[in-house]
Amino acid sequence: KGKKGSYDAYLIPESVQEFSYTKDGKEIKGFQYKFKMEFSQKAGKRG
Numbered sequence: 127k128g129k130k131g132s133y134d135a136y137l138i139p140e141s142v143q144e145f146s147y148t149k150d151g152k153e154i155k156g157f158q159y160k161f162k163m164e165f166s167q168k169a170g171k172r173g
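First residue of the sequence shown: 127, per the working numbering; consecutive thereafter.
See below:
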């Protein structure tokens, strides 16, 4: 895994919520995930 940086961020789907909005006179409905972000600290030395 060639990721640069000292930490990785994980997106964890908590729940699915329905949304609807109006854009350009059109009503748009759909579902979206509600994400919870967690950061995993990568430690070089453990102990």
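Virtual Cβ for every residue (Gly too), placed ideally from N, Cα, C.
Values in this document were obtained by computation on a predicted structure and should not be read as measured data.
- Is DSSP giving Asp150 helix, strand or coil here? In this structure, Asp150 counts as coil in the three-state DSSP scheme.
- Task: Enumerate in chain order the residues of its own chain whose CB-to-CB distance from Ile154 is below 8 Å, with the five nearest sequence positions on each side excluded.
- Result: Within its own chain, the residues whose Cβ lies closer than 8 Å to the Cβ of Ile154, once the five positions on either side in sequence are excluded, are Ser146, Tyr147, Thr148, listed in chain order.
- Message: Per the DSSP calculation, Glu164 is bridged to which residue(s)?
- Response: Under the DSSP definition of a beta bridge, Glu164 partners with Tyr136.
- To the nearest angstrom, report how far apart Gly151 and Tyr136 are at their CA atoms. C-alpha separation (whole angstroms): 36 Å.
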